[in-house]
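**Student:** Provided herewith is a single structure, encoded as C-alpha coordinates, for subsequent inquiry.
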Amino acid sequence: MQRGRILFPLFVFFPISYYSAIIKSVRKETQKKHLYPALSNKFENVGHVVGTLNGIEICNLDAIYIAPSGVQKERIKSEDLFIQDIQGRDLKLPPPSKALKKSQCTPLFMCAYTERNAGAVIHTHSKNAVLVTLLCDKEFKISQQEMIKGIWNPGLGRYNKYKEEIVVPIIENTCWESELEDSLRAAMHKYPNTSAILVRRHGIYVWGSTWEQTKAMCECYDYLMDLAVNMKQLNIPWHAVEWRP
(Lines of atoms letter the chains of each structure in order from A; the text may use other names.)
(Lines give C-alpha, C1' and ligand atoms only; values in the text may rest on other atoms or scores of the structure.)
Protein backbone atom coordinates (compact mmCIF):
# COMPACT_ATOMS: atom_id res chain seq x y z
CA MET A 1 0.00 0.00 0.00
CA GLN A 2 1.24 3.43 -0.89
CA ARG A 3 1.90 5.52 2.18
CA GLY A 4 -0.04 8.77 2.28
CA ARG A 5 -1.18 11.55 4.58
CA ILE A 6 -3.73 11.14 7.32
CA LEU A 7 -5.57 14.27 8.44
CA PHE A 8 -7.16 14.12 11.88
CA PRO A 9 -9.47 17.11 12.40
CA LEU A 10 -10.90 16.31 15.83
CA PHE A 11 -12.88 18.32 18.34
CA VAL A 12 -11.22 16.80 21.43
CA PHE A 13 -7.85 15.82 22.88
CA PHE A 14 -6.83 12.22 23.55
CA PRO A 15 -4.07 10.83 25.80
CA ILE A 16 -1.13 9.36 23.87
CA SER A 17 -2.00 5.84 25.06
CA TYR A 18 -5.33 6.04 23.25
CA TYR A 19 -3.67 7.18 20.03
CA SER A 20 -1.20 4.30 20.25
CA ALA A 21 -4.00 1.79 20.71
CA ILE A 22 -5.95 3.27 17.82
CA ILE A 23 -3.01 3.21 15.42
CA LYS A 24 -2.17 -0.39 16.34
CA SER A 25 -5.75 -1.48 15.82
CA VAL A 26 -5.96 -0.10 12.26
CA ARG A 27 -2.40 -0.78 11.11
CA LYS A 28 -3.43 -4.08 9.55
CA GLU A 29 -6.32 -2.60 7.57
CA THR A 30 -5.87 -3.10 3.84
CA GLN A 31 -7.87 -0.08 2.67
CA LYS A 32 -7.76 3.47 3.95
CA LYS A 33 -11.52 3.75 3.79
CA HIS A 34 -11.70 1.38 6.77
CA LEU A 35 -9.53 3.67 8.90
CA TYR A 36 -12.22 6.24 9.70
CA PRO A 37 -14.77 3.80 11.19
CA ALA A 38 -12.01 2.14 13.22
CA LEU A 39 -10.86 5.48 14.63
CA SER A 40 -14.40 6.65 15.33
CA ASN A 41 -15.26 3.49 17.22
CA LYS A 42 -12.07 3.68 19.26
CA PHE A 43 -12.76 7.31 20.19
CA GLU A 44 -16.32 6.39 21.13
CA ASN A 45 -15.17 3.45 23.26
CA VAL A 46 -12.88 5.62 25.40
CA GLY A 47 -15.63 8.21 25.86
CA HIS A 48 -13.82 11.24 24.47
CA VAL A 49 -16.24 12.33 21.76
CA VAL A 50 -19.88 13.29 22.12
CA GLY A 51 -22.69 13.75 19.64
CA THR A 52 -21.48 14.06 16.05
CA LEU A 53 -18.77 16.60 16.89
CA ASN A 54 -15.80 14.94 15.28
CA GLY A 55 -14.53 14.52 11.75
CA ILE A 56 -11.63 12.80 10.04
CA GLU A 57 -10.26 13.19 6.54
CA ILE A 58 -7.79 10.62 5.26
CA CYS A 59 -5.59 11.68 2.37
CA ASN A 60 -3.08 9.95 0.16
CA LEU A 61 -1.58 10.90 -3.18
CA ASP A 62 -4.58 9.68 -5.15
CA ALA A 63 -7.67 10.12 -3.01
CA ILE A 64 -9.16 11.95 -0.04
CA TYR A 65 -11.51 10.08 2.28
CA ILE A 66 -14.18 12.33 3.80
CA ALA A 67 -16.61 11.64 6.63
CA PRO A 68 -20.33 12.32 6.28
CA SER A 69 -21.90 15.19 8.18
CA GLY A 70 -24.17 14.68 11.16
CA VAL A 71 -23.73 10.92 11.53
CA GLN A 72 -23.24 9.25 14.90
CA LYS A 73 -19.54 8.43 14.94
CA GLU A 74 -20.00 4.91 16.35
CA ARG A 75 -22.35 4.02 13.48
CA ILE A 76 -20.19 5.18 10.55
CA LYS A 77 -19.25 2.42 8.12
CA SER A 78 -16.66 2.41 5.34
CA GLU A 79 -19.38 2.67 2.69
CA ASP A 80 -20.58 5.92 4.30
CA LEU A 81 -17.39 7.75 3.31
CA PHE A 82 -17.01 10.12 0.37
CA ILE A 83 -13.89 9.74 -1.76
CA GLN A 84 -12.61 12.65 -3.85
CA ASP A 85 -9.36 13.78 -5.46
CA ILE A 86 -7.32 16.86 -4.56
CA GLN A 87 -9.28 18.92 -7.12
CA GLY A 88 -12.55 18.06 -5.38
CA ARG A 89 -13.81 15.65 -8.03
CA ASP A 90 -15.88 12.82 -6.57
CA LEU A 91 -14.40 9.37 -7.07
CA LYS A 92 -16.87 7.40 -4.98
CA LEU A 93 -20.06 8.32 -3.13
CA PRO A 94 -22.10 6.61 -0.39
CA PRO A 95 -25.26 4.77 -1.47
CA PRO A 96 -27.93 7.31 -2.56
CA SER A 97 -30.44 5.66 -0.24
CA LYS A 98 -28.50 6.97 2.78
CA ALA A 99 -28.82 10.62 1.64
CA LEU A 100 -25.51 11.59 3.25
CA LYS A 101 -23.63 14.87 2.87
CA LYS A 102 -19.92 15.69 3.14
CA SER A 103 -18.67 17.28 6.34
CA GLN A 104 -18.94 21.07 6.24
CA CYS A 105 -15.39 21.23 7.60
CA THR A 106 -13.90 19.60 4.51
CA PRO A 107 -12.91 22.86 2.70
CA LEU A 108 -11.21 24.11 5.88
CA PHE A 109 -9.15 20.98 6.37
CA MET A 110 -8.25 21.10 2.69
CA CYS A 111 -6.90 24.64 3.21
CA ALA A 112 -4.32 23.28 5.64
CA TYR A 113 -3.51 20.45 3.26
CA THR A 114 -3.08 22.59 0.13
CA GLU A 115 -1.74 25.82 1.65
CA ARG A 116 0.48 24.37 4.40
CA ASN A 117 1.12 20.82 3.17
CA ALA A 118 -0.24 19.59 6.50
CA GLY A 119 -0.26 15.95 7.47
CA ALA A 120 -2.79 16.38 10.29
CA VAL A 121 -5.39 18.92 11.38
CA ILE A 122 -7.19 19.17 14.72
CA HIS A 123 -10.26 21.35 15.24
CA THR A 124 -11.55 21.82 18.79
CA HIS A 125 -14.33 23.78 20.44
CA SER A 126 -12.10 24.34 23.46
CA LYS A 127 -13.53 26.71 26.08
CA ASN A 128 -10.06 28.20 26.47
CA ALA A 129 -9.95 29.04 22.77
CA VAL A 130 -13.41 30.62 22.87
CA LEU A 131 -12.55 32.70 25.95
CA VAL A 132 -9.31 33.97 24.42
CA THR A 133 -11.18 35.15 21.32
CA LEU A 134 -13.45 37.17 23.62
CA LEU A 135 -10.47 38.76 25.37
CA CYS A 136 -8.46 39.63 22.24
CA ASP A 137 -9.18 41.64 19.12
CA LYS A 138 -7.42 40.37 15.99
CA GLU A 139 -4.59 38.31 17.51
CA PHE A 140 -3.75 36.21 20.54
CA LYS A 141 -0.15 36.84 21.61
CA ILE A 142 1.85 35.33 24.44
CA SER A 143 5.55 35.01 25.26
CA GLN A 144 7.99 33.83 27.92
CA GLN A 145 6.16 30.61 28.74
CA GLU A 146 7.79 27.19 28.60
CA MET A 147 5.02 25.63 26.50
CA ILE A 148 5.84 28.04 23.67
CA LYS A 149 8.76 25.74 22.88
CA GLY A 150 6.28 23.08 21.85
CA ILE A 151 4.85 25.23 19.04
CA TRP A 152 6.34 24.76 15.56
CA ASN A 153 7.11 27.92 13.58
CA PRO A 154 6.64 26.95 9.90
CA GLY A 155 8.04 30.26 8.65
CA LEU A 156 11.33 29.75 10.49
CA GLY A 157 11.32 25.97 10.10
CA ARG A 158 11.89 25.31 13.81
CA TYR A 159 10.18 25.28 17.17
CA ASN A 160 9.73 28.60 18.95
CA LYS A 161 12.10 29.68 21.70
CA TYR A 162 11.07 30.52 25.25
CA LYS A 163 11.49 34.29 24.88
CA GLU A 164 9.84 34.50 21.47
CA GLU A 165 6.25 35.60 21.02
CA ILE A 166 3.68 33.42 19.33
CA VAL A 167 0.93 35.19 17.42
CA VAL A 168 -2.30 33.37 16.58
CA PRO A 169 -4.72 35.21 14.25
CA ILE A 170 -8.40 35.43 15.14
CA ILE A 171 -10.99 35.30 12.37
CA GLU A 172 -14.71 36.00 12.74
CA ASN A 173 -17.18 33.16 12.98
CA THR A 174 -19.86 32.54 10.36
CA CYS A 175 -23.27 30.90 10.35
CA TRP A 176 -21.93 27.94 8.40
CA GLU A 177 -18.56 26.25 8.88
CA SER A 178 -17.83 26.14 5.16
CA GLU A 179 -18.11 29.95 4.96
CA LEU A 180 -14.88 30.26 6.99
CA GLU A 181 -12.75 29.07 4.07
CA ASP A 182 -11.80 32.46 2.58
CA SER A 183 -10.87 34.09 5.89
CA LEU A 184 -9.01 30.97 7.03
CA ARG A 185 -6.99 30.87 3.81
CA ALA A 186 -6.26 34.62 4.02
CA ALA A 187 -5.02 34.25 7.61
CA MET A 188 -2.71 31.40 6.56
CA HIS A 189 -1.11 33.69 3.98
CA LYS A 190 -0.92 36.72 6.29
CA TYR A 191 0.61 34.77 9.19
CA PRO A 192 3.20 32.37 7.74
CA ASN A 193 4.69 31.69 11.19
CA THR A 194 1.52 30.34 12.78
CA SER A 195 0.44 26.71 13.11
CA ALA A 196 -3.05 27.62 14.30
CA ILE A 197 -5.99 29.93 13.67
CA LEU A 198 -8.63 30.91 16.21
CA VAL A 199 -12.29 31.41 15.26
CA ARG A 200 -14.13 33.86 17.50
CA ARG A 201 -16.79 32.32 19.72
CA HIS A 202 -16.11 29.00 18.01
CA GLY A 203 -12.75 27.29 18.59
CA ILE A 204 -9.34 26.70 17.03
CA TYR A 205 -7.75 24.92 14.05
CA VAL A 206 -4.25 23.47 14.56
CA TRP A 207 -2.18 21.69 11.91
CA GLY A 208 1.21 20.02 11.64
CA SER A 209 3.26 17.64 9.54
CA THR A 210 2.18 14.56 11.53
CA TRP A 211 -0.68 13.69 13.85
CA GLU A 212 1.79 13.33 16.71
CA GLN A 213 3.17 16.84 16.21
CA THR A 214 -0.31 18.30 15.73
CA LYS A 215 -1.65 16.68 18.89
CA ALA A 216 1.30 17.97 20.92
CA MET A 217 0.91 21.50 19.56
CA CYS A 218 -2.82 21.47 20.18
CA GLU A 219 -2.18 20.60 23.81
CA CYS A 220 0.45 23.35 24.07
CA TYR A 221 -1.88 25.93 22.53
CA ASP A 222 -4.70 24.92 24.86
CA TYR A 223 -2.38 25.11 27.89
CA LEU A 224 -1.21 28.59 26.86
CA MET A 225 -4.75 29.84 26.30
CA ASP A 226 -5.88 28.45 29.64
CA LEU A 227 -2.88 30.11 31.28
CA ALA A 228 -3.64 33.41 29.54
CA VAL A 229 -7.22 33.42 30.83
CA ASN A 230 -5.97 32.76 34.38
CA MET A 231 -3.32 35.47 34.06
CA LYS A 232 -5.99 37.91 32.91
CA GLN A 233 -8.02 37.17 36.03
CA LEU A 234 -4.95 37.92 38.17
CA ASN A 235 -4.07 41.10 36.22
CA ILE A 236 -0.78 39.57 35.07
CA PRO A 237 0.32 40.69 31.55
CA TRP A 238 0.61 37.92 29.00
CA HIS A 239 3.84 38.94 27.32
CA ALA A 240 5.65 41.57 29.42
CA VAL A 241 9.40 41.02 29.09
CA GLU A 242 10.57 41.55 32.65
CA TRP A 243 7.36 41.46 34.66
CA ARG A 244 7.76 40.62 38.35
CA PRO A 245 5.16 40.57 41.16
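So the sequence shown is numbered by the UniProt record's numbering: it starts at 1 and just counts up by one.
Every residue gets a Cβ at the ideal spot worked out from N, C-alpha and C, and that includes glycine.
In chain order, which beta strand (DSSP E) runs of at least 3 residues are fully inside the region 177 to 221?
**Tutor:** 196 to 199, 203 to 208
**Student:** Quick check on A99: buried or exposed, where buried means 16 or more other Cβ atoms within 10 Å of its Cβ?
**Tutor:** On the sequence shown, residue 99 is found 99 positions in, with the first residue counted as 1. Its Cβ having fewer than 16 others within 10 Å, A99 is exposed.
**Student:** At the level of alpha carbons, what is the spacing between H125 and L131?
**Tutor:** Translated into positions along the sequence shown, residue 125 becomes position 125. Translated into positions along the sequence shown, residue 131 becomes position 131. Going from the Cα of H125 to the Cα of L131 covers about 11 Å.
**Student:** Beta-carbon separation of V121 and F140 under 9 Å?
**Tutor:** The sequence position of residue 121 within the sequence shown is 121, counting from 1. The sequence position of residue 140 within the sequence shown is 140, counting from 1. It is not a contact, given that the beta carbons lie outside the stated cut-off.
**Student:** List the residues that DSSP assigns as beta-bridge partners of W82.
**Tutor:** What you label residue 82 is simply residue 82 of the sequence shown in a count that begins at 1. What sits at residue 82 in the sequence shown is Phe, not Trp. Paired residue(s): I66.
**Student:** So which of E146, I171, E115 has the shortest CA-CA distance to G208?
**Tutor:** As a first step, residue 208 must be located in the sequence shown, where it is residue number 208. Out of E146, I171, E115, E115 has the C-alpha closest to the C-alpha of G208.
**Student:** Could you give the first and the last residue of the continuous alpha helix (DSSP H) run that contains E115?
**Tutor:** Within the sequence shown, numbered from 1, the residue matching residue 115 stands at position 115. Its alpha helix (DSSP H) spans residues 106 to 116.
**Student:** Return the chain-ordered list of same chain residues with a C-beta closer than 6 Å to the C-beta of R200, the five sequence neighbours on each side being excluded.
**Tutor:** The residue given as residue 200 occupies position 200 in the sequence shown. Correct list, in chain order: T133, I170, E172, N173.
**Student:** When you compare the region 145 to 159 with the region 216 to 230, are there three or more beta-carbon pairs, one atom per stretch, that lie closer than 8 Å?
**Tutor:** They touch, by the three-pair rule.
**Student:** Quick check on the DSSP output: what are the complete alpha helix (DSSP H) runs of length 4 or more inside the region 124 to 152, in order along the chain?
**Tutor:** 127 to 135
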